[in-house]
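Read in order, the letters of the sequence shown are residues 1 to 414 in this note's numbering.
Notes to accompany the following structure.
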Amino acid sequence: MGSTAVGIRRPDGLARWQTPLLVIAACALIAVIGFGTRSIFGLFLPPMTEERGWSREAFSLAMATQQLTFGVVLPLAAASSDRFGPVRVMVAGAIAYALGLWLMTLVESALVFLLVAGLLVGGTNAFTSFSLVIATMARMVEPKRRPLVMGLGMAAGSLGQVIFSPITQGFISAFGWSHALLILAVGFLAIVPLAFLLPGNPEVAAEQTAKESVGAAIREAVGHRGYLLLTMGFFVCGFHVAFITVHLPAYMLDLGFEPRVGAIALSLIGFFNIVGSFLSGLAGTHLSRRLSLSFIYASRAAVIAAFLLLPKTEPVAYMFASLMGLLWLATVPLTNAIVARVFGVRYLATLFSFVFLSHQLGSFSGIWLAGGIYEATGSYDGMWIAGIILGIASALIHLPINERPIARLAKAQG
Numbered sequence: 001m002g003s004t005a006v007g008i009r010r011p012d013g014l015a016r017w018q019t020p021l022l023v024i025a026a027c028a029l030i031a032v033i034g035f036g037t038r039s040i041f042g043l044f045l046p047p048m049t050e051e052r053g054w055s056r057e058a059f060s061l062a063m064a065t066q067q068l069t070f071g072v073v074l075p076l077a078a079a080s081s082d083r084f085g086p087v088r089v090m091v092a093g094a095i096a097y098a099l100g101l102w103l104m105t106l107v108e109s110a111l112v113f114l115l116v117a118g119l120l121v122g123g124t125n126a127f128t129s130f131s132l133v134i135a136t137m138a139r140m141v142e143p144k145r146r147p148l149v150m151g152l153g154m155a156a157g158s159l160g161q162v163i164f165s166p167i168t169q170g171f172i173s174a175f176g177w178s179h180a181l182l183i184l185a186v187g188f189l190a191i192v193p194l195a196f197l198l199p200g201n202p203e204v205a206a207e208q209t210a211k212e213s214v215g216a217a218i219r220e221a222v223g224h225r226g227y228l229l230l231t232m233g234f235f236v237c238g239f240h241v242a243f244i245t246v247h248l249p250a251y252m253l254d255l256g257f258e259p260r261v262g263a264i265a266l267s268l269i270g271f272f273n274i275v276g277s278f279l280s281g282l283a284g285t286h287l288s289r290r291l292s293l294s295f296i297y298a299s300r301a302a303v304i305a306a307f308l309l310l311p312k313t314e315p316v317a318y319m320f321a322s323l324m325g326l327l328w329l330a331t332v333p334l335t336n337a338i339v340a341r342v343f344g345v346r347y348l349a350t351l352f353s354f355v356f357l358s359h360q361l362g363s364f365s366g367i368w369l370a371g372g373i374y375e376a377t378g379s380y381d382g383m384w385i386a387g388i389i390l391g392i393a394s395a396l397i398h399l400p401i402n403e404r405p406i407a408r409l410a411k412a413q414g
């Protein structure tokens with residue numbers, strides 16, 4: 001196992017032409033395209049529901065189902081990546097996902113839209129997930145560098161949101177929502193050549209790990225109290241993020257703002273998440289990861305409460321988006337880092353996928369409940385209050401988590 005010029009150790013199992021930096025760079029670009037494309041569906045809510053004559057609840061149910069299907073299928077995608085390597089998984093996933101985006105432009109029935117956008121797009125989403133990207137990046141570096149590299153991976157995804165939000169809104173305004181989806185579908189296929197730059201060997205890792213089966217690893221994790229608490233707390237992250245991503249543009253329209261305000265707000269969230277993800281990686285390197293997570297969730301509750309109470313002006317909306325962006329997916333590097341530290345990286349994608357399933361259950365709840373509450377009350381206030389309560393609860397849940405490596409891993413590394 002050698003070292004690069006920048007001090008990143010070369011993992012065993014890479015091809016001669018591959019370097020850790022090349023793999024990390026390819027992963028970052030995949031995160032930009034994948035996360036950027038998946039983060040802008042809220043921009044399609046107003047034009048699609050208006051043209052098709054659907055209710056917001058119908059659109060919300062499809063998006064909620066998409067998130068839930070993503071979470072349910074992700075363990076299968078992650079296990080496939082851990083067993084066969086990420087290349088074939090991501091290539092197949094990118095082609096199928098692009099096909100799903102194209103089909104979204106053709107459907108006119110809300111029920112068929114639920115099947116296409118919810119099941120097909122949601123399921124294929126899992127095979128190009130940032131969870132697989134981050135797991136691949138984590139295998140390129142030693143344990144002490146992982147939180148920072150994971151933070152950089154999430155920052156790359158956030159850059160995608162920054163880029164794709166205003167561009168997609170521009171496409172919708174200039175060409176209509178259906179042509180905008182077609183353009184996104186074609187752009188998503190850029191993941192295919194990038195995937196071939198990743199290692200095909202699933203056992204590539206920059207550390208020594210104990211040999212065990214994936215089933216044994218899952219059983220070991222499920223019996224670990226900290227893993228269960230981490231899984232419970234991650235539900236709240238999904239609840240916050242999915243609700244805001246899908247419904248914030250429509251909420252801004254309800255307040256009387258122009259469509260650009262919602263697009264700018266999503267872009268600001270993505271921009272400041274770059275900073276937040278990087279700071280999260282630094283925190284995970286130098287500070288307690290569980291305490292950092294607790295701080296993030298408590299801060300989210302405070303920011304939402306302030307937004308609910310303050311006058312609804314454009315500066316306030318942009319300030320909310322900026323502060324929420326700092327806390328947006330800063331939870332992901334820390335959550336991944338705890339799983340990697342406690343259980344190792346051999347089955348990191350698989351173990352994190354079950355934690356992420358809880359996140360997607362939260363996403364489903366956040367999107368669907370928001371649509372239902374809006375249809376029933378004509379307001380999103382109930383959802384904002386729920387977000388505050390859940391943020392406080394998650395802050396408390398993370399406090400008792402034990403971050404120490406399990407005995408088996410400590411012995412193997414020793």
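C-beta: ideal position from N, C-alpha, C; glycine also.
Coarse secondary structure for residue i, derived from DSSP in three states
i: GLY187; result: helix
i: ALA330; result: coil
i: HIS224; result: coil
i: PHE257; result: coil
i: LEU148; result: helix
i: GLN18; result: coil
i: SER39; result: coil
i: VAL141; result: coil
i: GLY123; result: helix
i: GLY371; result: helix
i: PRO75; result: helix
i: TYR380; result: coil
i: TRP54; result: coil
i: ASN402; result: coil
i: VAL107; result: coil
i: TYR97; result: helix
i: GLY85; result: coil
i: PRO199; result: coil
Residue i to residue j span [Cα, whole Å]
i: GLY93; j: TRP368; result: 25 Å
i: ALA395; j: MET137; result: 28 Å
i: PHE196; j: VAL222; result: 33 Å
i: HIS224; j: ASN402; result: 9 Å
i: GLY226; j: GLY387; result: 23 Å
i: GLY187; j: GLY122; result: 18 Å
i: THR313; j: GLY284; result: 35 Å
i: ALA340; j: GLY170; result: 40 Å
i: THR350; j: SER158; result: 23 Å
i: ALA206; j: HIS398; result: Note that ALA206 scores a pLDDT of 49, beneath 50, so its modelled location is shaky and nothing firm can be said.
i: SER39; j: ARG83; result: 28 Å
i: MET1; j: ALA31; result: For MET1, the predicted model reports a pLDDT of 44, less than 50, meaning its position is unreliable; a value from the coordinates is still stated below. Computed Cα separation, rounded: 27 Å.
i: LEU293; j: LEU334; result: 7 Å
i: ASP424; j: GLY378; result: Residue numbering for the chain in the displayed model covers 1 to 414; residue 424 lies beyond these limits and cannot be assessed.
i: PRO199; j: ARG52; result: 44 Å
i: VAL91; j: ILE191; result: 7 Å
i: ALA155; j: VAL149; result: 10 Å
i: PRO259; j: TRP17; result: 47 Å
i: ALA78; j: SER131; result: 8 Å
i: GLY153; j: GLY176; result: 32 Å
i: LEU390; j: GLY362; result: 10 Å
i: ARG404; j: VAL275; result: 27 Å
Whole-angstrom C-beta distance between residue j and residue i, which should lie under 8 Å
i: TYR251; j: TYR97; result: Rounded, the Cβ-Cβ distance is 27 Å, inconsistent with contact.
i: PHE343; j: ILE244; result: Actually they are not in contact, since the Cβ atoms of PHE343 and ILE244 sit about 31 Å apart, beyond 8 Å.
i: PRO249; j: LEU68; result: Going by Cβ atoms, the distance from PRO249 to LEU68 rounds to 21 Å, so no, they are not a contact pair.
i: LEU114; j: THR65; result: 6 Å
i: ALA330; j: ARG289; result: In fact, because the Cβ distance is near 11 Å, the residues do not count as touching under 8 Å.
i: PRO400; j: LEU229; result: 6 Å
i: VAL73; j: ALA126; result: 4 Å
i: ALA180; j: TYR347; result: At roughly 38 Å, the Cβ-Cβ gap does not stay under 8 Å, so ALA180 and TYR347 are not in contact.
i: SER267; j: PRO166; result: 5 Å
For residue i, the nearest candidate out of the options (CA to CA)
i: GLY382; options: LEU103, PRO315, LEU308; result: LEU308
i: PHE164; options: PRO199, TYR318, ALA265, GLY371; result: ALA265
i: VAL133; options: MET319, GLY85, VAL316; result: GLY85
i: VAL141; options: ALA298, LEU22, SER292; result: LEU22
i: GLY160; options: ARG404, TRP54, ARG83, GLY270; result: GLY270
i: LEU184; options: LEU287, LEU101, GLY238, SER129; result: LEU101
i: ARG300; options: VAL241, VAL316, SER365; result: VAL241
i: TRP54; options: ALA110, ALA370, LEU230, THR37; result: ALA110
i: ALA370; options: LEU29, TYR297, VAL332, PHE239; result: PHE239
i: TRP384; options: ARG16, ALA302, VAL89; result: ALA302
i: VAL112; options: ALA62, ARG404, SER322; result: ALA62
i: ALA58; options: ARG145, GLY372, VAL162; result: GLY372
i: LEU103; options: ILE389, THR37, SER178; result: SER178
i: THR128; options: LEU390, GLU108, VAL87, ILE167; result: VAL87
i: PHE70; options: GLU108, GLY36, LEU120; result: LEU120
i: ASN273; options: CYS27, VAL332, LEU194; result: VAL332
i: VAL316; options: VAL261, ALA28, ALA117; result: VAL261
Residue-level contact to chain B via CB, residue i, 8 Å cutoff
i: ALA77; result: This model lacks chain B altogether, as it is built from one protein chain only.
**Prompt:** Would you call the stretch 273-283 and the stretch 325-337 in contact, with 3 or more CB pairs under 8 Å?
**Reply:** yes
**Message:** Measuring CB atoms only, is the stretch 347-364 touching the stretch 226-244, in the sense that at least three cross pairs come out at less than 8 Å?
**Reply:** yes
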